[in-house]
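> To convert, note that position 65 of the sequence shown is 67 in my numbering; the numbers rise steadily by one, no gaps.
Every residue, glycine too, gets a C-beta built ideally from N, C-alpha and C.
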Amino acid sequence: MKPVTVSVVVPRPAEEVYDFLDLLANHASFLDHFLVDWKFSGPARGVGAKAEARASAPMSQDWTDFEVVESERPKRIVEEGIGLKGKRRTRGTYTLEQLPDGGTEVSFELAWLEAARAERLCPPLTRAFIKRPNGKAMRRLAKHLA
Numbered sequence: 003m004k005p006v007t008v009s010v011v012v013p014r015p016a017e018e019v020y021d022f023l024d025l026l027a028n029h030a031s032f033l034d035h036f037l038v039d040w041k042f043s044g045p046a047r048g049v050g051a052k053a054e055a056r057a058s059a060p061m062s063q064d065w066t067d068f069e070v071v072e073s074e075r076p077k078r079i080v081e082e083g084i085g086l087k088g089k090r091r092t093r094g095t096y097t098l099e100q101l102p103d104g105g106t107e108v109s110f111e112l113a114w115l116e117a118a119r120a121e122r123l124c125p126p127l128t129r130a131f132i133k134r135p136n137g138k139a140m141r142r143l144a145k146h147l148a
């Protein structure tokens with residue numbers, strides 16, 4: 003399945019945006035419209051930082067575990083996720099590009115390493131379904147850092 007990419011421009015230098023994203027607990031502030039009940043473990047920042055969160059859907063018991071697996075200041079953070087009781091494995095990559103005006107373009111790409119059967123049945127629908135909340139997350143990130 004093709005990855006989904008969403009982007010936003012944040013009016014802050016890349017180093018500041020990176021420092022915010024590097025603290026995994028900060029992700030709850032812009033992802034809590036679709037992921038709730040966050041729990042954190044491991045180091046707070048960098049490779050090895052871990053979190054788990056539940057999908058914000060009525061009666062949902064779909065928990066996703068996240069772990070930061072790569073970190074390159076101030077350009078890139080990569081996290082891997084496992085959800086649907088191991089049936090879904092993803093890789094999320096934040097890429098930061100410093101802009102000439104002092105702002106930062108933040109791109110988030112979600113790639114499926116393994117997709118659940120239902121997700122594989124109609125990839126365009128799956129991608130559209132996940133693109134919407136991720137786009138909203140990027141807009142919320144920009145608003146939070148403005």
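#1: Quick check on the DSSP output: what are the complete beta strand (DSSP E) runs of length 3 or more inside the stretch 17-104, in order along the chain?
#2: Quick one: residues in its chain with C-beta nearer than 7 angstroms to the C-beta of glycine 104, no 5 flanking neighbours on either side, listed in chain order?
#3: On the three-pair Cβ rule with 8 angstroms, is the stretch 106-113 touching the stretch 49-61?
#4: Mark glutamate 121 as exposed unless 16 or more other C-beta atoms lie within 10 angstroms of its C-beta, in which case mark it buried.
#5: Comparing alpha-carbon positions, which option in Lys41, Gln63 and Met140 lies nearest glycine 85?
#6: Starting from isoleucine 113, trace the alpha helix (DSSP H) both ways and give me its first and last residue.
#7: Determine, using beta-carbon pairs with one atom in the stretch 126-142 and one in the stretch 4-22, whether at least three such pairs fall under 8 angstroms.
#8: Since I believe alanine 113 is in contact with threonine 92 (beta carbons under 8 angstroms), could you give me their beta-carbon distance rounded to a whole number of angstroms?
#9: Answer yes or no: do leucine 1 and alanine 46 have a C-beta to C-beta separation smaller than 8 angstroms?
#10: For glutamate 81, tell me which candidate among Lys89, Glu69, Arg90 and Lys87 has the shortest Cα-Cα distance.
#11: Within the same chain, show all residues whose beta-carbon is closer than 7 angstroms to that of histidine 146, passing over the 5 residues directly before and after it, in chain order.
The answer reads as follows:
#1: 37-43, 52-57, 65-74, 78-85 and 90-100
#2: Pro15
#3: no
#4: buried
#5: Gln63
#6: In the sequence under discussion, the amino acid at residue 113 is alanine, which differs from the isoleucine named in the question. Taken as a continuous stretch (DSSP letters only), alanine 113 belongs to no alpha helix (DSSP H), being part of the beta strand (DSSP E) at 106-116.
#7: yes
#8: 7 angstroms
#9: No answer is possible for residue 1: the residues shown for the chain start at 3 and end at 148.
#10: Glu69
#11: Ser31 and Phe32
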